[in-house]
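Below is one structure, written out as structure tokens; comments come after it.
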Amino acid sequence: MEQPKLSIIIPVYNAEKYLNACIGSILSQSFRDFEIILVNDGSTDGSGAICDSFTIKDKRIKVFHKENGGVSSARNLGLDHALGEWIYFIDADDDINLSCLDFLSTRSLTGIDVVQFGFKTVEENKPDKEQLPLETKEFKDLDEFYNSGSLKNYTLWIHLIRRSIISDHNIRFNTSIKYAEDLEFVICALSVSRRVMTISIIGYHYYIRGNSAMARAFSYNNAKNHLIVAANILDFYEDLNLVKGIFFRSRIEYMIKSFFSFSARAGKLNAQNFKRDIDSHLKSYSYKNILGLKFYYLIRFFPFLYLNMIRFKGNKK
Numbered sequence: 001m002e003q004p005k006l007s008i009i010i011p012v013y014n015a016e017k018y019l020n021a022c023i024g025s026i027l028s029q030s031f032r033d034f035e036i037i038l039v040n041d042g043s044t045d046g047s048g049a050i051c052d053s054f055t056i057k058d059k060r061i062k063v064f065h066k067e068n069g070g071v072s073s074a075r076n077l078g079l080d081h082a083l084g085e086w087i088y089f090i091d092a093d094d095d096i097n098l099s100c101l102d103f104l105s106t107r108s109l110t111g112i113d114v115v116q117f118g119f120k121t122v123e124e125n126k127p128d129k130e131q132l133p134l135e136t137k138e139f140k141d142l143d144e145f146y147n148s149g150s151l152k153n154y155t156l157w158i159h160l161i162r163r164s165i166i167s168d169h170n171i172r173f174n175t176s177i178k179y180a181e182d183l184e185f186v187i188c189a190l191s192v193s194r195r196v197m198t199i200s201i202i203g204y205h206y207y208i209r210g211n212s213a214m215a216r217a218f219s220y221n222n223a224k225n226h227l228i229v230a231a232n233i234l235d236f237y238e239d240l241n242l243v244k245g246i247f248f249r250s251r252i253e254y255m256i257k258s259f260f261s262f263s264a265r266a267g268k269l270n271a272q273n274f275k276r277d278i279d280s281h282l283k284s285y286s287y288k289n290i291l292g293l294k295f296y297y298l299i300r301f302f303p304f305l306y307l308n309m310i311r312f313k314g315n316k317k
């Protein structure tokens with residue numbers, strides 16, 4: 001098989017209700033130079049059979065069946081088999097706009113390593129919400145990208161990533177955590193990119209359902225995952241001697257604040273464990289210059305005060 005322009009990786013787990021719509025939205029694209037890699041992660045419903053049926057209908061579709069190991073292991077397996085110049089990840093219970101991929105044939109992406117576009121959130125009995133970059137533009141560095149009208153959202157499925165930067169820097173999904181692993185992946189990919197482009201279109205349709213990961217996100221384990229991701233990003237920058245600019249500092253601060261905000265919404269906390277976790281993390285890394293002294297000292301010495309500030313603010317909404 002000749003190298004396709006794009007590899008679309010779809011981890012599949014018990015998604016029989018949504019798979020036809022998801023794959024159909026890809027096959028309906030006017031852009032055709034892609035392969036679809038379906039990774040059936042031990043589904044117990046009819047998802048595996050649906051995946052197999054699509055491989056018969058279209059030679060661009062490949063399926064790999066594996067024991068259940070989680071979405072990160074499924075995505076990593078997809079990466080292992082991807083041939084495309086570009087990589088794109090889609091969740092099996094979502095779909096994409098009919099013109100989502102047109103830019104791959106209409107725009108020059110020479111020197112671009114990551115492309116970001118917009119998305120629409122769809123939730124039953126609520127109006128759709130759209131978020132998209134303010135303009136279609138190429139950025140010469142991350143700080144310019146961050147300070148622009150780009151989305152301050154680093155969710156996996158609104159980014160196309162050049163495969164070479166993933167393989168050259170051995171960027172993989174962290175299989176030891178079950179939340180925020182996609183943010184770690186995208187932030188690391190952005191951090192080694194030469195140039196980034198935003199495209200002001202709605203490309204992705206994200207569906208919030210009662211059984212979605214977001215619906216059950218606010219647990220203390222998920223809160224702690226943000227500390228793990230912050231540490232991994234710090235290590236990634238140190239290992240590659242990357243410049244710690246505005247983008248880097250903003251993402252580390254976001255992860256620390258997310259630890260607190262998720263903890264505040266996680267229900268009753270074990271105070272001893274909470275204090276131990278934030279203490280050990282802040283002691284292990286040099287955060288003073290990253291977070292700024294005021295915020296650093298607040299969370300270092302008065303973590304419960306900051307936690308209660310978040311709770312109070314949330315209760316006022």
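Note that my numbering has the sequence shown beginning at 1, numbered continuously upward.
Every residue, glycine too, gets a C-beta built ideally from N, C-alpha and C.
HIS205 - containing alpha helix (DSSP H), residue span: Note, HIS205: premise wrong, no alpha helix (DSSP H); beta strand (DSSP E) at 196 to 208.
Range of the contiguous beta strand (DSSP E) that encloses LYS120: 114 to 123
Distance, ARG311 Cα to ILE278 Cα: 17 Å
Environment of ASN225 [buried if 16+ CB atoms lie within 10 Å]: buried
Buried or exposed (CB count within 10 angstroms, at least 16 for buried), THR198: buried
Proximity to LYS275 [Cα-Cα], best of ASN289, LEU305, SER150: LEU305
Cβ neighbour criterion (16 or more within 10 Å) applied to PRO133: buried
Contact between the region 89 to 107 and the region 138 to 154 (3+ Cβ pairs under 8 Å): no
Residue of TRP86, ASN14, GLU124 minimising C-alpha distance to PRO4: TRP86
Chain-order list of residues whose beta-carbon lies under 8 Å from that of TYR237 (same chain, five-residue window excluded): SER191, LYS244, PHE248
Best match in CYS51, LEU142, SER99 for proximity to ARG60 [C-alpha to C-alpha]: CYS51
PRO127 in three-state terms, based on DSSP: coil
Bounding residues of the alpha helix (DSSP H) (the contiguous stretch that carries SER47): 47 to 57
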